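Engineer: Numbering (the working numbering), first residue to last: 20 to 326. Glycine residues also receive a C-beta, built at the ideal position from the N, C-alpha and C atoms. Note that the structure is predicted; figures quoted are calculated from it, not measured.
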Amino acid sequence: MGAPTLPAERALLQDMSELESFATYLELRDSDAEGDVAAGLSHTSEGLVLFHVLEVAARGEPRGIVAIVHDAGDHGGRYEELAAVLAEEGWAVALPDLRGHGKTEGERGHSAGRREVVRDLDEVLQHLAYRLVGAPKTLIGVGRGALHALDLCADRPGLVDRLVLVAPELTPKQALPKGKKGLLGKVLGRVDPKSEGVLGRRPQEITADSDIARAWSTDEFVHDVVTLRAGEEFAQLAGEADGLLRREGVPVLVLLGGEDAVGAQAWPAAEESEGVQVKTYAEGRHQLFHDVMRAEVIADLCAWLKA
């Protein structure tokens, strides 16, 4: 499972071995230059490019569906403990790995733009809706995943019933590649959409829990890569976040860390928007579901879902 748990979490997770978890592999579609779907499926020399989704079945009759969109450089597997708690509460949970992350194939840290991410997340939710017809759907996004979740809801009205935005990164912190200039002003070296930059995430910015920071640093599926195309598209999305939030027509919960050095410590647009509830954890850092106060954060999330 990865990171150690708090005593309260151990009590909630003691029966987790009885929960059903399984991996689903969806087929990723090719993207055109704009990120829209192109003809055919994505292929490599080894075969189809597959989209990994870890699913955790609800205990008993499902209340509904919860899908969690991880942060940049992260992966869905790091949210298994949260998924187990939600499953105990009666929610069917899906943990997708975005393209270029976790066990999903594709270049590390790369996407063909916002439209591609929206399409992929839509595929996940459509898959879940097919499995649980009519079940209410909640989408939880973390860090950059929060803004991708918000973008999806704006692009596909009515697709989800509730939205949770955790530590949204409203001011992107990244170092994108640039071509070096020679003495005559000519650009030296080739820079293209897949050229790699860095997110610049440090363990101490992610969490105040040293054990979790250590696990994050050694996780083989965690990376610090963002490509030029993915970084530029996200910067554009971050600039539109206030407007997208104000247009949102479903109940929204925003969770913020008061000591978050990566995401927003405050979001005025959220405070001012009708139907949006904001909760700030004064000592919280960027990964609230993996920080020292995570038991409180998860309990607050479960209470909001029930309400």
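1. What are the complete beta strand (DSSP E) segments, minimum 3 residues, inside the stretch 226-310?
2. So, using beta-carbon positions, are V295 and F308 closer together than 8 angstroms?
3. Hey, quick one: how far does the alpha helix (DSSP H) through V112 stretch, first residue to last?
4. Of the residues P222, F240, A103 and D243, which one's Cα is nearest the Cα of R233?
5. For a test of the three-state rule: what should DSSP assign to S64, helix, strand or coil?
6. Measure the C-alpha to C-alpha separation of S8 and L158 and round it to an integer number of angstroms.
7. Just to confirm, are H89 and V161 a CB contact at a threshold of 8 angstroms?
8. So, under 8 angstroms CB-CB, V75 and L45 are touching, yes? Tell me the CB distance rounded to an integer number of Å.
9. Where does P334 land, buried or exposed, given buried means 16+ other C-beta within 10 angstroms?
10. How about V245 and A113: are their beta carbons less than 8 angstroms apart?
11. Comparing alpha-carbon positions, which option in V271, E100 and A314 lies nearest P187?
12. Taking its Cβ as the centre, do 16 or more other Cβ atoms sit within 10 Å of E107, making it buried, or is it exposed?
13. Taking only the alpha-carbon atoms, compute the straight-line gap between G277 and C321 and give it to the nearest angstrom.
14. Looking at the secondary structure, which residues open and close the beta strand (DSSP E) in which G216 lies?
15. Got a sec, what are the start and stop residues for the beta strand (DSSP E) R150 sits in?
16. Distance check for V56 and R48, CA to CA, integer angstroms please.
17. Give the single residue among A165, A301, A318 and D243 whose Cα lies nearest to the Cα of V183.
18. Indicate whether L189 and L140 have their beta-carbon atoms separated by less than 8 angstroms.
19. To the nearest angstrom, how far is it from the Cα of S64 to the Cα of A173?
20. Tell me whether R209 is buried or exposed, calling it buried when 16 or more other Cβ atoms sit within 10 Å of its Cβ.
21. In angstroms with no decimal places, state the Cα-to-Cα distance between H120 and S214.
22. With distances taken between CB atoms, is the gap from L256 to R138 smaller than 8 angstroms?
23. Give the range of the beta strand (DSSP E) segment to which G83 is assigned.
24. Can you check whether the CB of V269 is closer than 8 angstroms to the CB of H179?
25. Short of 8 angstroms in beta carbon distance, which residues of its chain neighbour A52, apart from the five on each side in sequence? Order them along the chain.
26. Start and end of the beta strand (DSSP E) containing A154?
27. If we call anything under 8 angstroms between Cβ atoms a contact, is D319 one with T226?
28. Hey, quick one: how far does the alpha helix (DSSP H) through A49 stretch, first residue to last?
Structural biologist: This is what the structure gives:
1. Under the rule that a run must span 3 or more residues, the beta strand (DSSP E) segments found entirely inside the stretch 226-310 read 244-246, 271-276 and 295-300.
2. Contact: no.
3. No alpha helix (DSSP H) holds V112; the beta strand (DSSP E) holding it covers W110 to P115.
4. Minimum Cα distance to R233 is reached at P222.
5. With a pLDDT of only 46 at S64, under the threshold of 50, the placement of this residue in the model should not be trusted, and no figure is reported.
6. What the structure shows of the chain is the stretch from 20 to 326, and residue 8 is not part of that stretch, so it cannot be assessed.
7. A contact, by the Cβ cut-off of 8 angstroms.
8. Beta-carbon to beta-carbon, V75 and L45 are separated by about 17 angstroms, too far to satisfy the 8 angstroms threshold.
9. As displayed, the chain neither begins before 20 nor continues past 326, which places residue 334 out of reach and without an answer.
10. Not in contact: V245 and A113 (Cβ atoms no closer than 8 angstroms).
11. Checking every option, the nearest Cα to that of P187 belongs to V271.
12. With 16 or more other Cβ atoms from the protein chains shown falling within 10 Å of its own Cβ, E107 counts as buried.
13. Those two C-alpha atoms are separated by around 21 angstroms.
14. First-last of the beta strand (DSSP E) with G216: E215 to V217.
15. No beta strand (DSSP E) contains R150, which is instead part of the alpha helix (DSSP H) from R133 to R150.
16. One C-alpha to the other measures close to 6 angstroms.
17. When C-alpha distances from V183 are compared across A165, A301, A318 and D243, the shortest belongs to A165.
18. No, the Cβ-Cβ distance between L189 and L140 is not below 8 angstroms.
19. Since pLDDT at S64 reaches only 46, below the 50 mark, its modelled position is unreliable, and the value read off the structure follows with that caveat. If you take the alpha carbons of S64 and A173, they lie about 36 angstroms apart.
20. Under this definition R209 is an exposed residue.
21. So the alpha carbons of these two residues sit roughly 16 angstroms apart.
22. No, the pair does not count as a contact, with Cβ atoms beyond the cut-off.
23. Going by DSSP, G83 is part of the beta strand (DSSP E) stretching over G83 to V88.
24. The sequence as given places Val at residue 179; His does not occur at that position. In contact: V179 and V269 (Cβ atoms closer than 8 angstroms).
25. The beta carbon of A52 is closer than 8 angstroms to those of A131 in its chain, skipping five residues each way along the sequence.
26. For A154, no beta strand (DSSP E) run applies, since DSSP gives it neither H nor E.
27. With respect to T226, D319 sits apart: the two C-beta atoms are not nearer than 8 angstroms.
28. Sequence check: residue 49 is Asp here, not Ala. From DSSP, D49 is part of no alpha helix (DSSP H) but of the beta strand (DSSP E) over R48 to S50.
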